[in-house]
Each structure stands twice: as structure tokens, then as C-alpha cells.
Amino acid sequence: MQAEDDLPLAGLSAIVLLALTVEIVLLALLGWACS
Amino acid sequence: MRTLDWAVLIATVLAIVSWGVWKTRRIRTADAYLRGEGDRFWTIGLSIMATQASAITFLSMPGQAYDDGLGFIQFYFGLPIAMVLLAWFVLPVYRRLRVYTAYEYLESRFDRKTRQLTAALFLVSRGLAAGLSLYAPALVLTAVLGWPLQITNLTVGVLAVLYTVSGGTRAVSVTQTLQMGIMLCGMLGAFLFVLHALPAGVGLAGMARVAGALGKMHAVVPSLRFDTRYTLWSGLVGGLFVALAYFGTDQSQVQRYLGGASLRESRTGLLFNALIKVPMQFLILMVGIAVVVFHQFERPPLLWNSVAAGQARQAPGVAAQLDALDARLSQTFAAKRAGVLSLLQGDESAKPAILALEEQEKSLRGEARALVRRNAPPGQASDADSIFLTFVLRHFPPGLVGLLLAVIICAALSATASALNALGATSAVDFWRPLRPQATDEEQLRAARLFTVGWGVVAMSFAAFASLLDNLIQAVNILGSIFYGPMLGVFLVGFLLKRIQGTAVFVAALAAQACVVAMWLASDVGFLWYNVAGCVLVIALAVVLQAVVGNARPAQPFKANPGGAP
Chain A
1014 MQAEDDLPLA GLSAIVLLAL TVEIVLLALL GWACS
Chain B
3 MRTLDWAVLI ATVLAIVSWG VWKTRRIRTA DAYLRGEGDR FWTIGLSIMA
53 TQASAITFLS MPGQAYDDGL GFIQFYFGLP IAMVLLAWFV LPVYRRLRVY
103 TAYEYLESRF DRKTRQLTAA LFLVSRGLAA GLSLYAPALV LTAVLGWPLQ
153 ITNLTVGVLA VLYTVSGGTR AVSVTQTLQM GIMLCGMLGA FLFVLHALPA
203 GVGLAGMARV AGALGKMHAV VPSLRFDTRY TLWSGLVGGL FVALAYFGTD
253 QSQVQRYLGG ASLRESRTGL LFNALIKVPM QFLILMVGIA VVVFHQFERP
303 PLLWNSVAAG QARQAPGVAA QLDALDARLS QTFAAKRAGV LSLLQGDESA
353 KPAILALEEQ EKSLRGEARA LVRRNAPPGQ ASDADSIFLT FVLRHFPPGL
403 VGLLLAVIIC AALSATASAL NALGATSAVD FWRPLRPQAT DEEQLRAARL
453 FTVGWGVVAM SFAAFASLLD NLIQAVNILG SIFYGPMLGV FLVGFLLKRI
503 QGTAVFVAAL AAQACVVAMW LASDVGFLWY NVAGCVLVIA LAVVLQAVVG
553 NARPAQPFKA NPGGAP
């Protein structure tokens, strides 16, 4: 990859996918808790 | 509307437009105009979000939550995954080639005809959608506030053209950063205000409890049924397809992240958007949830678009039918209110009755809406789209009404500006420049600006005559899905199937496009499936055609654009 890109892409991608998983779980729990 | 609201609205809109023009006053080259001048990641992320969030998003989504609850949020579950894939695999290719438009990549990978076919599909779909992004909010503003439709269209259109033509991609990005800030503050302010307006002691927990009893809090539906539009799986799979097509092949989005100062900034911008998109949509839907809970304590109107309702009442017998439905709504409301108060005092057994009464209210409103649709003249704002703005005008204090109207106008401006910017760039780069390869930088800049003005005129003209073309509006709503599938298919073949060449994918794209149009005209298949069908058809047909024709000569090397960030 180009020299300009020293971004920890794997780590950031993992954070994004983890955040999505947490959001889905929290939304599911919210629906369950309120029903 | 009061003077303070006008002052807030006009000051906000004029400040943003002036800022966009002033900040980009030194744009003098075609490269700076088309690519921008090196945005940081937060500008890219906010700009991507502002491009996607049209005015109708802010008008419709609270109304959608009011009617159907939080389920729509599942549509966005595929978006973060698409952002990760684009950051890893697509963005580095676009930046390495230094393209101005996504379609230039297709010439480097296939040939010019494939590039121009895909660019033409984009121009048709986005050109009509740009008109709709002006017309749809103007229709609601006309219905609820009585603003003159054509003047609203023209004002928003001219303002968008003004700063887009002046500063190009950079002007769109810097204004969108501010517009997104206004939109987020406005929706947060709206949510907090409605929460505060609930009866004493209800609060956030009580709101969630009541909304849950009304069946509005089912945000995740793990159903495998294909006839349920929004489920966890359709959101993750269908939403991923739509997001890949929209963010990876639609120039109005691609132009936002190609303007990054570096690959690092562009990638971080995409991932930044991935992180905050779902929470932002949740906030917008929660505004609708707060409004529906508010109306468990104060009787809601039977119909929110009072102009359309008033027109329908002129037809013989309709007024009496609407009055009868209204009287039944009063009874339903009173019974439901009693149930909600019992629930808040700890009586969990009230829940089934509340849910049944909510279904009854929805059914009454459905009957009333159908009556209005049959008896009011065509070209009316939908009742659900009018919910939020009507609520704002009836209940919000002076100043906050102006801020919420600024949110809607900012969203209309940002969606229109990024569309015009991309349409102008695609026309100039993918169609005009190949005809004028010796054009000077000054001529290229002038052409890009003229095309942007031209598309602005097209969008405003479409918006001006849209009310006469009610069926066409329905078509434009699904137009994206008709074209996105084949477009995504062409790009996926380019990225994934290295042996397939230009002619095979070109013919496959034409055939797939014809099939999708036939599917639209002759079948009842849900329009979200057009994306999948178009994409799969292009890939399958291209593989077959390539096998039939065999490998021809290798493609000519593509000359990357000079200048700009690598």
C-alpha cells in the first residue's frame, strides 16, 4: 500500500464491525425490555 | 410562522451559503473544482451523511416511526459493512488511478463504452432524483405552511446552484459539514423538547415503556420472511447491496470521499460515517417515537395533512365519513389513554388492550387516508410525511420552529448540491472531455460549471412540473433501485472477475438493465430486489458471454488524471 497510508485499517474496521454488533444487540435488548 | 422563526431560518441558510461561497473563492483550477482541496476525515464523514440525508429523510422518518416504530433502522445495518469493504478494496483503486469520477475506473478496467453506459445510467437516475430532492420537501412545506410551491423550489434550487457552481466539490463539502451540524442539533433539540413536553413523571423510561406497549420498539426483527420489508437479514444483506451500490458507484457519494487529503483521510472518513450512521438514524426515529408517546396524552388529529383533508371533504359524502372516523378516533384515544395511565402506574395487564387500540387507531387513520387519496386532487404531500412538520408547528416554541425548518432546508440544499456537483462533474469528465482532449484547464473548469448550471435548470424544471406527473414521482422513488443493480454488477465484475473484458460486460449490462425494467413493468417483485437481480444478472451474463466470445486483445492502458492527491 502507499506510504501515506499508515492507518491501522484492520483495527478500525474491527471497531466498526464490533460497534455494529453492539448496536444490533442493544436495539434487540431495548425491544425485548420494552415489550 | 413568527418573526423569530423567519430570522433563525433565513440567518442560518444565508450564513451557510455565504460561507460556502467565501471559503472557496480561490478555486481557480478544474482539478480543485472537481476534486476539492484535501478534506479531513470529519468533513468527509459528515459530507457523506449529509448527501444521503435529504430533506424528506427528516420529514418522513419521524412519521414512519410514528406509524410503524423503529423497524426501519434495520435498513441501515448493511451500511457499516459496506463502508469497511469500500475502505479496503475500492477506495485505494480510485485513488491510485486519480480518477475524478467512479466511471473513469471502468475505462481503465474495460473500455470507454462501458464507462459511458454506466455514467449515463447515473446521469438519468441522479438527474431525476435531484429534481425530486427539491420537489418533495417543497410539497410538504406547501401543504403545512402554505408556502408557494414554485417559489420554494426555485429558491432552494438557485441557492444550491449558486455555491456549487462557485466552489465545486469543496463548497459542497464545507457547507455540508455545517448543514450536518445544524441537522443533528435540530433533531436532538426536537427530541429533548418532546421528551420535556410529556406529562410530569413520564420521562425517558416511561416513554420507552409506553412505546413498547404500542408495539413501536421492535427495532430488530430476526424474521426470515421475504414479505416483511425490514428484517435483520434484509437489512444486513439487502442493505449491504444497496449501500455498496450507492456509496461505491454513485458519483454523488464517490465525489465526497475522493476529495480527501490522503487515502488515510478518505478511509477514516468512510469509517467515521460507518460508526455514527446507525446512532443518527436511531435519533431521528426516536423523535417520531417521542411524538407518538406525546399523543397518548393529547389527542392526535385523524389526518396530519389538513390541506389534502380539506380538499377531500369537498367531495360528496366524504366530510360525513371523515367526521364518523374522527368520532371513533376520539373513543379509541380515550380508551387507550386510560390504558396508558394504568400502565404507567404499574398495571402490566393493560398492555394487550393498548396494543389492540393502537392497531384500531392505525386502521381508522388508514381508512381516512384512503378516503383522502381517492377524493383529493393528485400531487398532495402524503399524510405520514406531514406528521413531523405539523407537530413542530403546533407544539414547538418560537426559535425552535425556525431551527427545524432550517434543518429541512439545509437537508434539501445539501442533497441537491452534491447531486448537481456530481452530475456536472460526470457530464464534463466522462462525456465532454473525451470529445475535447486538448481542452485547457480554464475550458475544463468552465465546462464543469456550465454543466452544473445546466443540471440545476433540469432539476428545477423537473420540480416545477412534477406535480403534473404524479405517477412519474412514484417511478422516480424506485428509479435508484432500477439502475443501481446493473451499475453495481459492472463494478463488481471489474473488481472481482479479472478475465472478463469490456464488450461482455457492456452487453451484459444492457441486457440486465432491460430485464430489470421489464421486471418493474410486469411483476410485483418488491423494488429492493431489483438491486440484487440487476447485479447478479450482469455478473452471470458477463461470465457466459466472455466464455462464448473468448479472450480478445488486452484493454488499452488508461491514462490517470494528472495532479491532485495520490
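Chain order of the listed sequences is A and B. Residues in the first sequence are numbered consecutively from 1014, following this note's numbering. Residues in the second sequence are numbered consecutively from 3, following this note's numbering. We treat Cβ as the ideally placed atom computed from N, Cα and C, and that holds for glycine.
Any beta strand (DSSP E) of 3 or more consecutive residues that is wholly inside the region 144-231 of chain B: none
Straight-line gap, valine 492 of chain B to glutamate 106 of chain B (C-alpha atoms, nearest Å): Stepping through the second sequence from its first residue, residue 492 of chain B is reached at position 490. Stepping through the second sequence from its first residue, residue 106 of chain B is reached at position 104. The alpha-carbon atoms of valine 492 of chain B and glutamate 106 of chain B are separated by roughly 13 Å.
DSSP state of aspartate 41 of chain B mapped onto helix, strand, coil: Reading the second sequence from its first residue, position 39 is the one you call residue 41 of chain B. Residue state, collapsed to three classes: strand.
Own chain partners of serine 463 of chain B with C-beta closer than 8 Å, once the 5 adjacent residues on each side are dropped: One-based indexing of the second sequence puts residue 463 of chain B at position 461. Same-chain partners within the cutoff: Gly133.
Residue-level contact to chain A via CB, glycine 40 of chain B, 9 Å cutoff: Reading the second sequence from its first residue, position 38 is the one you call residue 40 of chain B. No - not a single Cβ of chain A is within 9 Å of the one on glycine 40 of chain B.
Chain B residues whose Cβ lies nearer than 8 Å to that of valine 1029 of chain A: If you number the first sequence from 1, residue 1029 of chain A lands on position 16. Result: Pro82, Met85, Val86, Leu273, Ala276, Leu277.
Test item: CB-CB of alanine 419 of chain B and glutamine 178 of chain B under 9 Å: If you number the second sequence from 1, residue 419 of chain B lands on position 417. If you number the second sequence from 1, residue 178 of chain B lands on position 176. Yes.
Local Cβ density within 10 Å of histidine 198 of chain B, reported as buried at 16 or more and exposed below that: Locating residue 198 of chain B in the second sequence gives position 196, where the first residue counts as 1. Histidine 198 of chain B should be labelled exposed.
Supposed contact pair alanine 511 of chain B and proline 488 of chain B - C-beta distance, whole angstroms, cut 8 Å: Residue 488 of chain B sits at position 486 when you count from the first residue of the second sequence. Residue 511 of chain B sits at position 509 when you count from the first residue of the second sequence. About 5 Å; that satisfies the 8 Å criterion.
Assigned secondary structure, glycine 552 of chain B (DSSP; H/G/I helix, E/B strand, else coil): Mapped onto the second sequence, residue 552 of chain B falls at position 550. Here glycine 552 of chain B sits in coil by DSSP.
Closest by C-alpha distance to glycine 40 of chain B, when choosing among B:Ala292, B:Gly262, B:Phe77, B:Val239: Taking the second sequence and counting its residues from 1, one reaches residue 40 of chain B at position 38. That would be B:Gly262, whose Cα lies nearest to the Cα of glycine 40 of chain B.
Presumed contact (8 Å Cβ cut-off) between glutamine 369 of chain B and leucine 305 of chain B, rounded CB distance: For this step, residue 369 of chain B is matched to residue 367 along the second sequence. For this step, residue 305 of chain B is matched to residue 303 along the second sequence. In the sequence on display, residue 369 of chain B carries glutamate and not glutamine. Between leucine 305 of chain B and glutamate 369 of chain B the Cβ distance is about 11 Å, and since that is not below 8 Å, they are no contact.
Nearest to glutamine 253 of chain B (by Cα), restricted to the options B:Leu6, B:Lys25, B:Thr120: The count along the second sequence starts at 1 and reaches residue 253 of chain B at position 251. Nearest C-alpha to glutamine 253 of chain B: B:Thr120.
Threonine 251 of chain B vs alanine 131 of chain B beta-carbon contact at 9 Å: The count along the second sequence starts at 1 and reaches residue 251 of chain B at position 249. The count along the second sequence starts at 1 and reaches residue 131 of chain B at position 129. Cβ atoms of threonine 251 of chain B and alanine 131 of chain B: not closer than 9 Å.
Three-state secondary structure (DSSP) of glycine 262 of chain B: Along the second sequence, read from residue 1 onward, the residue named residue 262 of chain B stands at position 260. Note: glycine 262 of chain B maps to strand in three-state DSSP.
Assigned exposure category for proline 64 of chain B - 16 Cβ within 10 Å defines buried: If you number the second sequence from 1, residue 64 of chain B lands on position 62. By the 10 Å Cβ count, proline 64 of chain B comes out buried.
Straight-line Cα distance separating isoleucine 153 of chain B from serine 483 of chain B: The residue labelled residue 483 of chain B in the question sits at position 481 within the second sequence. The residue labelled residue 153 of chain B in the question sits at position 151 within the second sequence. Going from the Cα of serine 483 of chain B to the Cα of isoleucine 153 of chain B covers about 30 Å.
Residue-level contact to chain A via CB, isoleucine 75 of chain B, 9 Å cutoff: Counting from one through the second sequence, the residue named residue 75 of chain B turns up at place 73. Closer than 9 Å to some Cβ of chain A, the Cβ of isoleucine 75 of chain B qualifies, so yes.
Per-residue burial, tryptophan 457 of chain B [other beta carbons within 10 Å of its own, 16 or more giving buried]: Position 455 of the second sequence, counted from the start, is the residue given in the question as residue 457 of chain B. With 16 or more Cβ atoms within 10 Å of its Cβ, tryptophan 457 of chain B is classed as buried.
Proximity below 9 Å, CB of proline 82 of chain B to CB of leucine 402 of chain B: Here the question's residue 82 of chain B lines up with position 80 in the second sequence. Here the question's residue 402 of chain B lines up with position 400 in the second sequence. No, Cβ-Cβ distance for proline 82 of chain B and leucine 402 of chain B is not below 9 Å.
Three-state class that DSSP yields for arginine 4 of chain B in the structure shown: Translated into positions along the second sequence, residue 4 of chain B becomes position 2. Coil, per DSSP.
Glycine 1044 of chain A: contacting residues in chain B (beta-carbon distance under 7 Å): Working through the first sequence from its first residue, we reach residue 1044 of chain A at position 31. Under the 7 Å cutoff, chain B gives Met219, His220, Ala221, Val222.
Beta-carbon proximity check, alanine 1041 of chain A vs valine 222 of chain B, cutoff 9 Å: Mapped onto the first sequence, residue 1041 of chain A falls at position 28. Mapped onto the second sequence, residue 222 of chain B falls at position 220. Yes; because the gap between Cβ atoms is below 9 Å, this pair is in contact.
Three-state secondary structure (DSSP) of aspartate 1019 of chain A: Position 6 of the first sequence holds residue 1019 of chain A. Aspartate 1019 of chain A falls in the coil class under three-state DSSP.
From B:Lys25, B:Asp33, B:Ile12, residue whose alpha carbon lies closest to that of glutamate 445 of chain B: Within the second sequence, numbered from 1, the residue matching residue 445 of chain B stands at position 443. The shortest C-alpha separation from glutamate 445 of chain B is found at B:Asp33.
is_contact[arginine 211 of chain B, chain D] using C-beta, thresh 9 Å: Looking for chain D here will not work: the only protein chains present are A and B.
Same chain, Cβ closer than 6 Å to alanine 52 of chain B, neighbours up to 5 away in sequence not counted: Locating residue 52 of chain B in the second sequence gives position 50, counting from the first residue. Once the five neighbours on either side are set aside, the close Cβ partners of alanine 52 of chain B are Gln178, Gln181, Met182, Ser416.
Bounding residues of the alpha helix (DSSP H) (the contiguous stretch that carries threonine 251 of chain B): On the second sequence, position 249 is the one that residue 251 of chain B refers to. Residues 241-251.
Interface flag, methionine 1014 of chain A vs chain B, CB-CB below 9 Å: As a first step, residue 1014 of chain A is located in the first sequence; it is residue number 1 there, counting from the start. Legend: pLDDT at methionine 1014 of chain A = 44, less than 50; position of this residue unreliable, no value from coordinates given.
Which of helix, strand or coil DSSP assigns to asparagine 377 of chain B: Here residue 377 of chain B refers to the residue found at position 375 when the second sequence is read from its first residue. Looking at asparagine 377 of chain B - three-state DSSP - the assignment turns out to be helix.
N-terminal and C-terminal residue of the alpha helix (DSSP H) that phenylalanine 464 of chain B is part of: Along the second sequence, read from residue 1 onward, the residue named residue 464 of chain B stands at position 462. Where phenylalanine 464 of chain B is concerned, the enclosing alpha helix (DSSP H) stretches over 443-467.
CB contact check: alanine 355 of chain B to chain A, cutoff 9 Å: Counted from its first residue, the second sequence places residue 355 of chain B at position 353. Not an interface residue.
Contacts of phenylalanine 79 of chain B in chain A (Cβ-Cβ under 8 Å): If you number the second sequence from 1, residue 79 of chain B lands on position 77. By Cβ distance, chain A contributes Leu1033, Ile1037.
Close beta carbons around glutamate 267 of chain B, own chain, < 8 Å, minus the five adjacent residues each side: Taking the first residue of the second sequence as position 1, residue 267 of chain B is located at position 265. For glutamate 267 of chain B, where only same-chain residues beyond five positions count, the Cβ hits under 8 Å are Gly40, Asp41, Arg42, Phe43, Ile46.
Secondary structure of isoleucine 29 of chain B, DSSP reduced to three states: As a first step, residue 29 of chain B must be located in the second sequence, where it is residue number 27. Isoleucine 29 of chain B falls in the coil class under three-state DSSP.
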